[in-house]
Amino acid sequence: MGKVKDDLSAAKPAKNPKVKPGGGPPSMVTRFFLNFLQTGLYKPMQGWNARLWTAIGLGVIVLSGVYLLYQSVLDYEPMARLSIPTVVLLALGWAIFRLVQFPPFAEFLIATEAEMNKVSWTSKDDLYRATTVVLTTVVLMAVFLFVVDWLWLFILRNIGVLQFAGGGGFGSTA
1 MGKVKDDLSA AKPAKNPKVK PGGGPPSMVT RFFLNFLQTG LYKPMQGWNA RLWTAIGLGV
61 IVLSGVYLLY QSVLDYEPMA RLSIPTVVLL ALGWAIFRLV QFPPFAEFLI ATEAEMNKVS
121 WTSKDDLYRA TTVVLTTVVL MAVFLFVVDW LWLFILRNIG VLQFAGGGGF GSTA
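Okay, so the sequence shown: first residue is 1 according to full-length UniProt numbering, each after it adds one.
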């Protein structure tokens, strides 16, 4: 018979590293605000399309908000009417630019673009055929249900179950 090792006795107790207060890694919010003050690009050639279209989408939302802000300050004097929305637009534009350069978010966008490149997209002909089949099926089902509904209405009126004269919607006495 062989020896049985006792794993618990062989394991050395882990040393508790002495961490000084405030000496740990910075929080996510701190890292974001430090990133906000930088001007460099994070992995500039990777995930370019995902970053571009994300920034454009956020930019459209910001432009909509700045336009509403501009509409709300129309009664201010001309200098304030133009400068307030401009300052807000520049600040939010910089925030969007820095957001798509923030390493965790940029890594997500890079991975998203890499996954989208793996997708096998249908050809234009296949898409046209599939759309034609779906629309034809929907139209045929609508016609079939209309005919069945009209048939039941005709039968139930003739046997006296439904007794109302048209003029309004079904069941209306107007």
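All C-beta atoms in this analysis are idealised placements derived from N, C-alpha and C, irrespective of residue type, glycine included.
Sequence-distant residues of its chain with Cβ nearer than 6 Å to residue i (five each side left out)
i: Y70; result: P85
Host alpha helix (DSSP H) of residue i (start-end)
i: E115; result: P103 to K118
i: Q71; result: W48 to S72
i: W94; result: P78 to L99
i: L34; result: M28 to F36
Between the CA atoms of residue j and residue i - distance to the nearest angstrom
i: W152; j: F146; result: 10 Å
i: V143; j: L82; result: 57 Å
i: T132; j: S27; result: 53 Å
i: T112; j: W94; result: 23 Å
i: A106; j: S64; result: 24 Å
i: W150; j: D125; result: 37 Å
i: T137; j: A130; result: 11 Å
Contact set for residue i: own chain, Cβ-Cβ below 8 Å, skip 5 residues either direction
i: L109; result: G47, A50, R51, T54 and V100
i: F97; result: A55
Cβ neighbours of residue i in the same chain (closer than 7 Å, five flanking residues each side left out)
i: V88; result: V66 and L69
query: For the segment 124-165, which segments carrying the alpha helix (DSSP H) assignment without a break, of at least 4 residues, lie completely within its bounds, in sequence order?
result: 124-158
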